[in-house]
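Novice: Questions regarding the structure given below will be posed in turn.
Protein chains: 2
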Amino acid sequence: MLSERQMMILRAVVRDFTNSGVPVGSKALAKQLPIHVSSATIRNEMAALEDQGLIRKTHSSSGRIPSVEGYRYYVDHLVKPDPLRPNDLNMIQSSLGGDFHKIDEIISQSATILSNLTSYTAFTLKPELKDSRLSGFRLVPLGHRQVMAILVTDSGDVENQTFDVTEAVTGEQLEAVVRLINDQLVGLTLPEVLQKLRTDIPAKITHYLQSPQGFLDIFGDVLTRAAQERFYVGGRLNLLNFSQDSDVDSLKALYSLIDKTDDIANVLGQPRDNISVQIGNEMTNDALRNYSLITATYDVNQHGRGMIAILGPTRMPYSRMLGLVGAFREELAKKLLDYYRYYDE
Amino acid sequence: MLSERQMMILRAVVRDFTNSGVPVGSKALAKQLPIHVSSATIRNEMAALEDQGLIRKTHSSSGRIPSVEGYRYYVDHLVKPDPLRPNDLNMIQSSLGGDFHKIDEIISQSATILSNLTSYTAFTLKPELKDSRLSGFRLVPLGHRQVMAILVTDSGDVENQTFDVTEAVTGEQLEAVVRLINDQLVGLTLPEVLQKLRTDIPAKITHYLQSPQGFLDIFGDVLTRAAQERFYVGGRLNLLNFSQDSDVDSLKALYSLIDKTDDIANVLGQPRDNISVQIGNEMTNDALRNYSLITATYDVNQHGRGMIAILGPTRMPYSRMLGLVGAFREELAKKLLDYYRYYDE
DNA sequence: AATTAGCACTTAACTAAAGAGATTGCTAAA
DNA sequence: TTTAGCAATCTCTTTAGTTAAGTGCTAATT
Chain A
177 MLSERQMMIL RAVVRDFTNS GVPVGSKALA KQLPIHVSSA TIRNEMAALE DQGLIRKTHS
237 SSGRIPSVEG YRYYVDHLVK PDPLRPNDLN MIQSSLGGDF HKIDEIISQS ATILSNLTSY
297 TAFTLKPELK DSRLSGFRLV PLGHRQVMAI LVTDSGDVEN QTFDVTEAVT GEQLEAVVRL
357 INDQLVGLTL PEVLQKLRTD IPAKITHYLQ SPQGFLDIFG DVLTRAAQER FYVGGRLNLL
417 NFSQDSDVDS LKALYSLIDK TDDIANVLGQ PRDNISVQIG NEMTNDALRN YSLITATYDV
477 NQHGRGMIAI LGPTRMPYSR MLGLVGAFRE ELAKKLLDYY RYYDE
Chain B
177 MLSERQMMIL RAVVRDFTNS GVPVGSKALA KQLPIHVSSA TIRNEMAALE DQGLIRKTHS
237 SSGRIPSVEG YRYYVDHLVK PDPLRPNDLN MIQSSLGGDF HKIDEIISQS ATILSNLTSY
297 TAFTLKPELK DSRLSGFRLV PLGHRQVMAI LVTDSGDVEN QTFDVTEAVT GEQLEAVVRL
357 INDQLVGLTL PEVLQKLRTD IPAKITHYLQ SPQGFLDIFG DVLTRAAQER FYVGGRLNLL
417 NFSQDSDVDS LKALYSLIDK TDDIANVLGQ PRDNISVQIG NEMTNDALRN YSLITATYDV
477 NQHGRGMIAI LGPTRMPYSR MLGLVGAFRE ELAKKLLDYY RYYDE
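Chains as they are written, first to last, in our numbering: chain A, 177 to 521; chain B, 177 to 521.
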C-alpha cells in the first residue's frame, strides 16, 4: 500500500524519467515537488518504493527509474490522460476529413496519422470481421487465359486474385463453377467454407473442370487471405529511433514481428477494455522487452468494434499517449459512423 | 595509365578491403602478392596509385582503401565474376522450381532469393510494360453498393480496385460505362488513356451517370497504378546490417527511398548494359553515398526485358556479386521463358 | 634506373589513473 | 518523523602513456 506522498513521488519519477530518459535523484525531486521536505526524506520514501519493486537503480549510487511494476502502478492508478492539444485535434480532423471510397482507406490512413501524432509505430484494425460469412463469389475472365477470382464477405470485405488457366476454359465452365460455389457455400462462415473446400467440393467440381487443383488452390488462397485479420501499420521507421546501442539483431526481430500479420495479431490480442496498456515483459514476446503497447478499441455500433494501437519504448510519456489514443479512437469512430451513414442509407 | 604491377596491387587492395573492411598496408600486400618485391616497392606503387586518385588513406599513416574511382577502375578493368557455387545454383533452381500462377509471383520471389543469396537488398522488375496498351476494362458489381473496377493491359497486367458507389447504380448503367470505356479507349497506351480521361470522357460519361467524378477518380487511380512500373523488394532489413555508427537518419532516408516506387525507379534508371555497377556518389542520390548498386537486365525474347538489382555497401565483394547477378539473370530468364511457353501455346 | 633496408614520424586504439559530479545509505541530532 | 551531514559508490570525462601498424623519405644496393 502506498501513502499519498509515495504516490506523488512515484508519479514524479515516472514523469521525469519518461521525459528526460535520465534516472531521477532525490534532490531533484525535493526541489520539484509541491510538498516541503528534504532530499533525505525523499530518499527514505524512495527506498520504500524500491522495496516494493516499483522503482530501481541502474547502479548502486544512481538515481531511480521505474520498474515494469512501477509503470504498471502508474498507469493503473496515477496517470491522467493529457487533454488533446488543439493542434493535434486539427491534424486528426483534417487528415480524416477527406473523401474516402473504402473503409480500408480510412483505417490505413488512421495508422499513418496515429504514427505521426505519436512518432511511434501505429497499428489499426478495421471493425471486426471474424465470423463473417461468404456472401458472393465471382470469376471474371480477363482474356488471354487470365481469370480473376473475387470473394465477397457479408461484412463487405473483398479479396481477389488473378491467375492464369492452362487450358482454354470456357465461359460456361466458369459460370458453372461460380454457380456451384455460390449454391453450396454462400452463407457459411469462412472457416466452414475452407472446411468444405477440402471435403465436398473437389468431387463436385470435377463435373465442370478436368483439372481443378489449380483452381482450388487459388480459391483456398483468396479465402485464407480474407479470413485473416488485416492490420495496417504506420510509422514503421519510427522504431529506428529507439534502437539503443544500434542493436541490429533485436531490431530485425522486431521488424519481422511487425511484418507478419499472424504474429502481430497475436501480440495485439483480443480487444480488451476500451484502452489498455501492456508494458515491457508483460508481453510474452521477447522482442518487445523494451517496448510498451497501448491498444484501444473503437466502437461503431452495429458495425462492430475495431482496434488501434501504438508501439513505443517502455519509456514513453504515457499521459500524453493515452490522451492521444483516447481522442483518436473517438474521432475515428465518428468518421466511420459518418461513412456508414452515408453509404448505408 | 597503370602498369601491370599497379593493376595487380589495385586489384589486391580492393579484394582485401572488401573482404576484411580493414585498410590494406604495404607489408600485407608484399607478403601476399605473387611477385617478389619488398614492401618499400609496394609503397612506392601505392603512392602512385594514390596520386591517380584510385586509392586513399583513412588517416595520414593508415593503409589504403579504394576510392570510388578505384572501385570504378576495378569493376571496369580488373574484376572477373566468380563462378557460381554449386550450392547457390541449387538454391536458385529450387526456389524458382515451384509452380507459379502469375508472372508477378516469379518476379517477387526472385527478389527474395536474390536478397538471400547476397545478403543485401534486392530489387526486381518484371519484363517491361511501358507502352503497354489498355486491352480491357470491367466493372463488376459486388452487391451492397460495392463495385470492383478491373483494368487489363495487353501485356497481361491487371490492376483492380474496389469502391463504394453512393447512389444505387444499376447494372445497365455500369454496362454502359464499361462499353463506353472499351469503345473509346481500348488499344491506346496508358498515358493516352489518362489524357482522354481528362478531356473527352467526362462529357460523354454524363449520359450514363449523374455524378461521375467518383468513378473517374477511381478509374484514374487504377490507371496510374497500372502505368507505374512496379518493383519488388527483397531483404529490406539487410540494410540494417551496414548502418555504420547507428546513423539513424541516413537509414531512414534510405528506407523511404526504397519504399517510394517513383524514387527507386529513378535510382535504378533505364535498363542499360546487361550488367552495370553504380558506385557510391556516382548515384546522384545522397542517401546512397555509401552504397553500390548492381543492376542487370534479363531478356525474355519477344516478351521484353526486365531488370534485377542488388543494393549493398560500396564495400561489397564485387566479383562474387557479379557472378551471382549474372547467373541469376540467366536462370530467371530461363524460368520465365518456360512459363511463357507453358501459358502461351 | 629500379629496388630495398632502415628509420623517423604519424595515427588509432587500447589501458590506466585521476578527478569531477551525482547520488545513495546511514548515523546522529533536531 | 524529519533532517543535516558525510563516507562510500559509481559513472563519466580527461589526461597520459603504450603499443602496433603503417607511411614517406633517404641513402645504399642491385
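We put the beta carbon where it would ideally sit given N, CA and C, even for glycine.
If you're wondering where the values come from, they're calculated on a predicted model, not measured in any experiment.
#1: Name the residues in the segment 319 to 349 of chain B whose C-beta lies less than 9 Å from a C-beta of chain A; which are they?
#2: With a threshold of 8 Å, are at least 3 pairs of Cβ atoms found where one atom belongs to the segment 291 to 310 of chain A and the other to the segment 327 to 344 of chain A?
#3: Span of the beta strand (DSSP E) holding residue 468/B?
#4: Just to make sure I have the definition right: I need the residues of chain B whose C-beta is within less than 7 Å of the C-beta of residue 311/A. Which are they?
#5: Residues bridged to residue 452/A by DSSP?
#6: Where does residue 233/B sit, in a helix, a strand or coil, going by DSSP?
#7: Measure from the C-beta of residue 316/B to each C-beta in chain A and report whether the shortest distance is under 8 Å.
#8: For residue 281/B, is the beta carbon positioned less than 7 Å from some heavy atom of the ligand ZN?
#9: Could you please give the first and the last residue of the uninterrupted beta strand (DSSP E) stretch that includes residue 481/B?
#10: Given a cut-off of 8 Å on the beta-carbon distance, is the pair residue 433/A and residue 297/A in contact?
#11: Between 181/B, 357/B, 516/B, which lies nearest to residue 384/B when the distance is taken from Cα to Cα?
#12: Just to confirm, is the Cβ distance from residue 407/B to residue 440/B under 8 Å?
#13: Report, in whole angstroms, the separation of the C-beta atoms of residue 515/B and residue 282/B, which I expect to be a contact under 8 Å.
#14: Considering only C-alpha positions, which residue in the set 500/B, 405/B, 228/B, 484/B is nearest to residue 299/B?
#15: Of the residues 323/B, 321/B, 327/B, 319/B, which one's Cα is nearest the Cα of residue 318/A?
#16: Any beta carbon of chain A sitting closer than 8 Å to that of residue 277/B?
#17: For residue 211/A, count the other beta carbons within 10 Å of its own beta carbon; 16 or more makes it buried, fewer makes it exposed. Which is it?
#18: Is it true that the CB of residue 243/A sits closer than 8 Å to the CB of residue 261/A?
#19: Can you pull out the residues from the segment 407 to 422 of chain A whose beta carbon lies closer than 7 Å to at least one beta carbon of chain B?
#20: Roughly how many angstroms separate the alpha carbons of residue 371/B and residue 364/B, rounded to a whole number?
#21: Consult DSSP for residue 506/A and reduce its assignment to one of helix, strand or coil.
#22: As a quick exercise: from 250/B, 237/B, 227/B, 340/B, pick the residue whose alpha carbon is nearest that of residue 189/B.
#23: At which residues does the beta strand (DSSP E) containing residue 314/B begin and terminate?
#24: Give the straight-line distance between the Cα atoms of residue 322/A and residue 394/A, rounded to the nearest whole angstrom.
#25: Looking at the strands, I want to know which residues DSSP matches up with residue 408/B.
#26: Counting only C-beta atoms, is residue 282/A closer than 8 Å to chain B at any point?
#27: Can you give me the Cβ contacts of residue 496/A inside the same chain, cut-off strictly under 6 Å, excluding the 5 residues immediately before and after it?
#28: Using CA coordinates, which residue listed in 205/A, 199/A, 216/A, 263/A is at the minimum distance from residue 234/A?
#29: Grab me the residues of residue 404/B's own chain with a C-beta within less than 7 Å of its C-beta, minus the 5 sequence neighbours each way, in chain order.
#30: Evaluate the contact criterion for the segment 460 to 471 of chain A versus the segment 207 to 225 of chain A: three or more CB pairs, one atom per stretch, below 8 Å.
#31: Cα-Cα, which of 430/A, 209/A, 509/A is closest to residue 450/A?
#32: Per DSSP, which residues does residue 338/B bridge with? Please list them.
#33: What is the rounded straight-line gap between the Cα of residue 324/A and the Cα of residue 280/B?
#34: Show which residues of chain B have a CB atom less than 7 Å away from the CB atom of residue 431/A.
#35: Check this for me: beta carbons of residue 376/A and residue 389/A, under 8 Å apart or not?
#36: Based on Cα-Cα distance, which residue from 513/A, 454/A, 351/A, 178/A lies nearest to residue 526/A?
Specialist: Let me spell this out:
#1: Flagged, chain order: 319, 320, 321, 322, 324, 326, 328, 330, 332, 334, 336, 337, 338, 339, 340, 341, 342.
#2: The segment 291 to 310 of chain A, when compared against the segment 327 to 344 of chain A, does touch it at the 8 Å Cβ threshold.
#3: Where residue 468/B is concerned, the enclosing beta strand (DSSP E) stretches over 467 to 475.
#4: Within chain B, the residues near residue 311/A are 319.
#5: Bridge partners of residue 452/A: 471/A.
#6: In the structure shown, residue 233/B sits in a strand (DSSP, three-state: E or B).
#7: Taking Cβ atoms only, chain A reaches closer than 8 Å to residue 316/B, which makes this a yes.
#8: You won't find the ligand ZN in this model; it holds no ligand whatsoever.
#9: Start and end: 481 to 489.
#10: No.
#11: It is 357/B.
#12: Annotated as proximal: residue 407/B and residue 440/B, with beta-carbon spacing under 8 Å.
#13: With 8 Å as the limit, residue 515/B and residue 282/B qualify as a contact, their Cβ atoms being about 7 Å apart.
#14: Cα-wise, what sits closest to residue 299/B is 484/B.
#15: Comparing Cα-Cα distances from residue 318/A to each of 323/B, 321/B, 327/B, 319/B, the minimum goes to 327/B.
#16: Chain A, which has a Cβ nearer than 8 Å to the Cβ of residue 277/B, makes this yes.
#17: Flag for residue 211/A reads exposed.
#18: Taking a C-beta distance under 8 Å as the contact criterion, residue 261/A and residue 243/A do not qualify as a contact pair.
#19: Those would be 413, 416, 417, 419, 422, in chain order.
#20: Inter-residue distance for residue 371/B and residue 364/B is about 10 Å (C-alpha atoms, whole angstroms).
#21: Of the three classes helix, strand and coil, the one that applies to residue 506/A here is helix, per DSSP.
#22: Minimum Cα distance to residue 189/B is reached at 250/B.
#23: Taken as a continuous stretch (DSSP letters only), the beta strand (DSSP E) holding residue 314/B covers 310 to 319.
#24: Cα to Cα, the separation comes out at about 13 Å.
#25: For residue 408/B, the pairing in a beta bridge is given by DSSP as 300/B.
#26: Contact with chain B is absent for residue 282/A, since none of that chain's Cβ atoms lies less than 8 Å from the residue's Cβ.
#27: Apart from the 5 residues on each side of it in sequence, residue 496/A sits with its Cβ closer than 6 Å to the Cβ of 258 in its chain, given in chain order.
#28: Closest option to residue 234/A, Cα to Cα, is 199/A.
#29: 437, listed in sequence order.
#30: By the Cβ test, the segment 460 to 471 of chain A is not in contact with the segment 207 to 225 of chain A, since fewer than three Cβ pairs between them sit closer than 8 Å.
#31: When each option's Cα is compared against that of residue 450/A, the closest is 509/A.
#32: DSSP, once it has assigned bridges, lists 324/B as partnering residue 338/B.
#33: Counting only the Cα atoms, residue 280/B lies some 14 Å from residue 324/A.
#34: Within 7 Å Cβ-Cβ: 413.
#35: In this structure, residue 376/A keeps its C-beta atom at 8 Å or more from the C-beta atom of residue 389/A.
#36: There is simply no residue 526/A to check, as chain A begins at 177 and stops at 521 in what is shown.
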